[in-house]
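Beneath this line is the structure, given in structure tokens, with notes to follow.
Residue numbers (this note's numbering): 625 to 1053.
This is the structure we're talking about:
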């Protein structure tokens, strides 16, 4: 006999009935050679003359825009006339010499800058809405202007500093130019190699290692490449999966590809062996089958015990006496809501699926996810009050936050249909 009282015949029968659960996945043993854009970039060089030529060509795109450093006071309000009057008052105080930063702290309704004395920092024209930008970039250093109306309200603006626009020098632009030039050249080279491999890999007698050496590809071998899973460094690109596990498969010795593994990698492959999905040997899975059968039998025994206990309860036995007989403890009776997180979901589903008690308790046995069983007694149903509903709404929100689902609305909708049930759950091991 097998462990835990499970005999060999039961193991054999379970193995045959559940063979689909004990399959080795389809896989392949393959050789590959891959090319990455990053590897090509590392091989590409850019001379000083190349970079200077690129600089001259790109000069128009290397402008550093003018930036301005300003402060403002923002006045908002539903009453436009009142907001304008307030803005004009602030403008007058600013022009009279009152400290602009203090005015911003006192009056500004811009939460992002008021506490900083209205300081907006350095910014280019594109950082602002058009009316504000037009006003600011038409001012002189030290000038105060306003009220300037935008969709945000009325602004009083003071310009503190100007940083003139300029073209980047060659040295300032050099690193960006070099990176872009190498990227462009590597991209061109990537396309050229892809086209040449398309031809060469399909030729009769094409040799993977020879092509890897000719085009400086990274070659390797993967003894087990699993269908639907893949593995580093080739990954799980659908075109690669389709190539390796094609029906009919690649002829022995023939190269497949090149296939793109993304925007910046490609590979050619040679399938050395193709393994179809097949059942795992019984010896390999026997232990897990015994565990499954043991669990199944334990669940059946627990459920049978719960059923027998239910029949005793329906015959007039008390809940406590049945619990003592089974040597288990009963949870004290209490009301539970449909979404009460303190009660296992299967128990909640069971108690809310039974008929409402009509003068006597209603009992229901059920299996639990841990292999045990529970017996519940429903003695009374009460309709949720406004206070109950609010309490359960709060619980639902907390549970949704805990689960991280963001599904508060689904919980709340369910809460509005909630009724409470008095129950006694009991687990049988």
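For glycine and all other residues, C-beta sits at the position ideal for the given N, C-alpha and C.
- The three-state secondary structure of residue 755, taken from DSSP, is helix.
- Going by DSSP, residue 700 is part of no beta strand (DSSP E) at all; its letter is neither H nor E.
- For residue 910, there is no enclosing beta strand (DSSP E); the residue is part of the alpha helix (DSSP H) that begins and ends at 906-938.
- In the DSSP assignment, residue 846 forms a beta bridge with 654.
- In the DSSP assignment, residue 839 falls outside any alpha helix (DSSP H), carrying neither H nor E.
- Rounded to whole angstroms, residue 944 and residue 998 show a C-alpha spacing of 14 Å.
- Residue 750 is positioned such that its CB atom lies no closer than 8 Å to that of residue 889.
- The beta-carbon distance between residue 652 and residue 958, rounded to whole angstroms, is 59 Å. This is too long to meet the 8 Å contact definition.
- Contact between residue 730 and residue 698 is absent: CB atoms are separated by about 12 Å, not below the 8 Å threshold.
- Residues of the same chain with a CB within less than 7 Å of the CB of residue 712, apart from the 5 flanking positions on each side, are 771 in chain order.
- In the three-state scheme derived from DSSP, where H, G and I count as helix and E and B as strand, residue 959 is classed as strand.
- Comparing C-alpha distances from residue 991 to each of 1000, 687, 846 shows the shortest one belongs to 1000.
- Cβ neighbours of residue 859 within its own chain (closer than 7 Å, five residues either side excluded): 885.
- Going by beta carbons, residue 794 and residue 685 fall outside the 8 Å limit.
- For residue 768 against residue 786, the beta-carbon gap comes to about 15 Å, at or over 8 Å, which does not count as contact.
- In this chain, the alpha helix (DSSP H) harbouring residue 731 covers 724-731.
- Excluding residues up to 5 positions away in sequence, 987 lie with their Cβ nearer than 7 Å to the Cβ of residue 938 in the same chain.
- Excluding the 5 residues flanking it on each side, residue 753 has same chain C-beta neighbours closer than 6 Å at 774, in chain order.
- Rounded to whole angstroms, the separation of the alpha carbons of residue 974 and residue 630 is 31 Å.
- Taking every protein chain shown into account, the CB of residue 647 has fewer than 16 other CB atoms within 10 angstroms, so this residue is exposed.
- Around the beta-carbon of residue 759, 16 or more other beta-carbon atoms lie within 10 Å, marking it buried.
- DSSP places residue 787 in the uninterrupted beta strand (DSSP E) bounded by 777-787.
- Two segments are said to touch when three or more pairs of C-beta atoms, one from each, lie closer than 8 Å; by this definition the region 893-909 does not touch the region 961-981.
- Burial state of residue 972 is buried, judged by a 10 Å Cβ sphere holding 16 or more other Cβ atoms.
- Judged by pairs of C-beta atoms under 8 Å, the region 826-846 does not touch the region 716-725, as fewer than three such pairs exist.
- Where residue 774 is concerned, there is no enclosing alpha helix (DSSP H), although the beta strand (DSSP E) around it starts and stops at 768-774.
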